[in-house]
Structures are given as structure tokens and as C-alpha cells.
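Undergrad: I have a structure I would like to understand better, so I am pasting it below and will then ask my questions one at a time.
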Amino acid sequence: MSRIGKLPVLVPGGVDVQIAGQEVTVKGPKGTLSHVVAAPITVEQGEGVLDVKRPDDERLSKALHGLSRTLINNMVIGVTEGYEKKLEIVGVGYRVLSKGPTQLEFQLGYSHPIIFDAPEGISFTVDGPTKLGVVGIDKQQVGEVAANIRKLRKPEPYKGKGVRYAGENVRRKVGKAGK
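This is the structure:
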């Protein structure tokens, strides 16, 4: 049995969960998220918990069991606490400016500034010219937006300049040897 899949999903107070067939909708203080659970997996609501069940030990059912439980748990955490991904900018002259909670302007060594607009449900926090955060309730969307920002100027291996995740270790290469 899946060690993650058999764990119950704890539903804190103030969070409303509705199950309609295969669709699970989680409503909390920060917003509403919904997910359609894959076919063989079922979700049962108990007293303050959700149980994710699988009908058999088929390979597909086993694969989807833990995944479905984790996705539902991520929705519950998202509507109560939310998610944040922090990014750092390294490089001389590289900086970020906030143009409101849903728009950023980057100077990343190109001949022009880059304007980055947030999709629906995502907002930005800027803590100084080289630190920023991506905030939202959908874990997957927060990670994807952070990855798209990092893609604007990936950290290069010689000087380490570029946009990186906070705490990311960039492997450095040795430059060419002098004569």
C-alpha cells in the first residue's frame, strides 16, 4: 500500500471541501481550488479528514494513489497558507522593479527592460533590487511562474550571473587558464 496515499488529508477549520463525482473542490480563506481526480481513485469525506482510496493493486491505481492524495493535500495547504517561491538576481546592474503587485520590470543585461505580467491568481513581492517572491495558492502555478522568471536569464556557470532560486547552488566552471 502506498505510504503517502493511505495517509488521511487533514481538513482544518474554515476549509470547505465538496466532492462531486471525481471533482474535488476546496474552498478556504485565501480562495478556491478544484481538481479532477483520475478515474480509478476515489475520495471519501470523513470527520475533518479526506481519505483517498484505490480499488485494486493495478499498476496505474498504485501510481495515481499517492499522487492524488498529494495534489489534494497541496490544495488544502494552498487555500489556508498559500505558497511562495523566492528568487535572487545576481549580477552587476541586474535588478528588478515592482510595477504593482502583478507586474515586474527586470534589467538583466539586455538592451531593453523586460516587463513580466503575473497570470491570474499570482502576485509578486519585491524585497530590494535583487530579491523577489512569487506568491499564490496553486503550488504548481507558483512553481511554473518562478521557472518562467528564472528562464529570462538563467544563471551562467562562469560568473554565476542571472536569476536563481533562493538557496540554489550554481555549479561553477573554471575559466580558461592563462599562459
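As numbered in the working numbering, the sequence shown has no gaps in its residue numbers, which increase by one up to the final residue, 203.
Note that the Cβ used here is the ideal one computed from N, Cα and C, for glycine as well.
These numbers were taken from a predicted model, which means no experiment stands behind them.
I'd like to know whether the C-beta atoms of G102 and G157 end up nearer to each other than 9 angstroms.
TA: Not in contact: G102 and G157 (Cβ atoms no closer than 9 angstroms).
Undergrad: Tell me the rounded alpha-carbon separation between V76 and E68.
TA: Distance between the alpha carbons of V76 and E68: 6 angstroms.
Undergrad: Which value, in whole angstroms, describes the spacing of the CA atoms of V61 and V41?
TA: Approximately 14 angstroms, taken between the alpha carbons.
Undergrad: Around the C-beta of L136, are 16 or more other C-beta atoms found within 10 angstroms, so that it is buried, or is it exposed?
TA: At residue 136 the sequence reads His, which differs from the Leu that was named. It is exposed - the Cβ of H136 has fewer than 16 other Cβ atoms within 10 Å.
Undergrad: Count Cβ pairs between the segment 110 to 126 and the segment 155 to 171 that sit closer than 8 angstroms; are there 3 or more?
TA: At 8 angstroms Cβ cutoff, the stretches touch.
Undergrad: Nearest to V39 by CA position, among L57, N193, G45, is which residue?
TA: The option with the nearest alpha carbon to V39 is L57.
Undergrad: When you compare the CB positions of P36 and T104, do they come within less than 9 angstroms of one another, or not?
TA: Yes; because the gap between Cβ atoms is below 9 angstroms, this pair is in contact.
Undergrad: In terms of residues, what are the limits of the beta strand (DSSP E) holding S147?
TA: Note, S147: beta strand (DSSP E), 146 to 150.
Undergrad: Whole angstroms are fine: how far does the CA of K163 sit from the CA of S147?
TA: One C-alpha to the other measures close to 13 angstroms.
Undergrad: From the DSSP output, in three-state form, read off H59 for me.
TA: If DSSP states are grouped into helix, strand and coil, H59 belongs with the strands.
Undergrad: Suppose the cutoff is 6 angstroms on Cβ atoms and the five residues either side in sequence are ignored; what does the same chain contact list for V121 look like?
TA: Correcting the residue type first, residue 121 is Leu in the shown sequence and not Val. Same-chain partners within the cutoff: E129.
Undergrad: Suppose contacts are defined by Cβ-Cβ distances below 9 angstroms. Is V116 in contact with L74 by that definition?
TA: No; because the gap between Cβ atoms is not below 9 angstroms, this pair is not in contact.
Undergrad: What residue range is occupied by the uninterrupted alpha helix (DSSP H) comprising Q46?
TA: Q46 -> no alpha helix (DSSP H), and no H or E assigned at all.
Undergrad: Do T194 and G202 have their CB atoms nearer than 9 angstroms?
TA: Note that residue 194 is Val in the sequence shown here, rather than Thr. No; because the gap between Cβ atoms is not below 9 angstroms, this pair is not in contact.
Undergrad: Kindly identify the DSSP beta-bridge partner or partners of Q127.
TA: DSSP, once it has assigned bridges, lists D141 as partnering Q127.
Undergrad: Helix, strand or coil for T104? Go by DSSP, reduced to three states.
TA: Of the three classes helix, strand and coil, the one that applies to T104 here is helix, per DSSP.
Undergrad: Run the CB neighbour count on L84, radius 10 Å, all protein chains shown included, and call it buried at 16 or more, exposed below.
TA: When all chains shown are included, L84 counts as exposed.
Undergrad: Quick check on T94: does DSSP put it in helix, strand or coil?
TA: Of the three classes helix, strand and coil, the one that applies to T94 here is helix, per DSSP.
Undergrad: Would you list the one or two residues that DSSP bridges to D40?
TA: Paired residue(s): K51.
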